[in-house]
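All residue numbers for the sequence shown refer to my numbering, where the first residue is 579 and numbers rise by one. We put the beta carbon where it would ideally sit given N, CA and C, even for glycine. Here is the structure we will look at, set down as structure tokens.
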Amino acid sequence: AIAIKLSNKDLNVIVESGDGDSYGEGGNHFMHAVRRNIDIAHFVHNNQIYGLTKGQASPTTAKGQITTLQFDGVKNIPIDPLAISLTLGAGFVARGFAGDIPHLVDLMKQAITFKGYAHLDILQPCVVWNKVNTFSWYKDRVYKLSDDYDNTNFEEAYKKSKEFGDKIPIGVLYKVEKPTYGDSFKFIKDGEPLVDSKLNPLDAKKMMNEFI
579 AIAIKLSNKD
589 LNVIVESGDG
599 DSYGEGGNHF
609 MHAVRRNIDI
619 AHFVHNNQIY
629 GLTKGQASPT
639 TAKGQITTLQ
649 FDGVKNIPID
659 PLAISLTLGA
669 GFVARGFAGD
679 IPHLVDLMKQ
689 AITFKGYAHL
699 DILQPCVVWN
709 KVNTFSWYKD
719 RVYKLSDDYD
729 NTNFEEAYKK
739 SKEFGDKIPI
749 GVLYKVEKPT
759 YGDSFKFIKD
769 GEPLVDSKLN
779 PLDAKKMMNE
789 FI
């Protein structure tokens with residue numbers, strides 16, 4: 579996704595992933611995409627479980643939760659993905675709930691139109707393998723950020739990112755634009771999309787001859 583955006587800056591690039599692959603297996607890619615401020619929208623469908631592999635604990639599974647593999651409960655403390663994004667310098671950090679589609683669609687639109695890395699964590703129950711974090715469980719806890727909430731206040735955004743228990747805020751926690759990774763390269767920022775560049779095979783041949 580990063581290569582696609584850098585090679586064709588005119589594209590709106592959207593990454594769809596789960597909590598297991600982005601926060602666990604692909605955590606290194608997630609971390610560096612944030613800190614580089616790549617101009618992409620990243621939607622993480624967070625069901626707090628490894629659903630495709632039949633119910634093992636993911637990085638966001640609550641400590642003590644019983645799973646198909648953690649028979650006596652998860653021993654690890656779950657990560658806080660939004661706090662991680664904020665501390666790594668993300669300019670757009672939001673959380674939505676799959677049980678509130680209109681609100682979620684609005685968050686997605688904001689993430690797509692934001693210039694820079696946009697992280698949208700989507701609370702999306704796994705109805706098969708996670709019997710704890712159900713739709714009713716979330717509906718009893720989620721609440722929308724108020725209209726007067728200041729999403730340019732980093733300290734307040736960080737506090738909200740740590741709020742995950744009896745109450746869970748949804749909405750745009752933080753939104754501040756800053757120069758993107760592509761902006762730091764003049765030939766990307768001001769030039770034509772790299773995908774449209776005309777390559778001269780003779781130039782490549784000359785370069786290869788230096789190694790022969």
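Burial state of Ser739 (16 or more Cβ within 10 Å):
Residue numbering aside, residue 739 sits at position 161 when the sequence shown is read from its first letter. With at least 16 other beta carbons inside 10 angstroms of its own, Ser739 counts as buried.
Which first and last residues belong to the alpha helix (DSSP H) in which Pro680 is found?
Reading the sequence shown from its first residue, position 102 is the one you call residue 680. Pro680 -> alpha helix (DSSP H) spans 679-691.
Taking only the alpha-carbon atoms, compute the straight-line gap between Trp707 and Val720 and give it to the nearest angstrom.
Position 129 of the sequence shown, counted from the start, is the residue given in the question as residue 707. Position 142 of the sequence shown, counted from the start, is the residue given in the question as residue 720. Their backbone Cα atoms lie some 21 Å apart in a straight line.
Beta-carbon proximity list for Asn586, same chain, < 6 Å, skipping 5 on both sides
The residue you call residue 586 lines up with position 8 of the sequence shown. Excluding residues within five positions, the ones whose Cβ falls inside 6 Å are Pro771, Val773.
Straight-line gap, Ala689 to Gly629 (C-alpha atoms, nearest Å):
By 1-based counting over the sequence shown, the position of residue 689 is 111. By 1-based counting over the sequence shown, the position of residue 629 is 51. Looking at the two C-alpha atoms, the distance is approximately 25 Å.
Excluding the five sequence neighbours on either side, which residues of its own chain have a C-beta within less than 7 Å of the C-beta of Ile655, listed in chain order?
Translated into the one-based positions of the sequence shown, residue 655 becomes position 77. Result list for Ile655: Lys641, in chain order.
Check for me: the beta strand (DSSP E) holding Ser775 runs from which residue to which?
Residue mapping note: residue 775 aligns to position 197 of the sequence shown, counting from 1. It is not in any beta strand (DSSP E) - Ser775 carries neither H nor E in the DSSP assignment.
Among the residues of its own chain, which have a CB less than 7 Å from the CB of Ile679, if the five just before and after it don't count?
Locating residue 679 in the sequence shown gives position 101, counting from the first residue. Close CB contacts of Ile679 within its chain, under the 7 Å cut and outside five residues either way in sequence, are absent.
Contact check, Ile748 vs Phe692, beta carbons under 7 Å
By one-based count along the sequence shown, residue 748 stands at place 170. By one-based count along the sequence shown, residue 692 stands at place 114. Between Ile748 and Phe692, the CB-CB gap reaches or exceeds 7 Å.
Given His620, which residues of its chain have a CB within under 6 Å of its CB, disregarding the five upstream and five downstream residues?
Indexing the sequence shown from 1 puts residue 620 at position 42. If we look at His620 and ignore the five residues flanking it on each side, its Cβ neighbours are Val593, His697.
Tell me whether His623, by its Cβ, gets closer than 6 Å to a heavy atom of the ligand SAM.
Of ligands this structure carries none, so the ligand SAM is not represented either.
Tell me which residue opens and which closes the alpha helix (DSSP H) that Tyr716 is part of.
Along the sequence shown, read from residue 1 onward, the residue named residue 716 stands at position 138. Taken as a continuous stretch (DSSP letters only), the alpha helix (DSSP H) holding Tyr716 covers 713-717.
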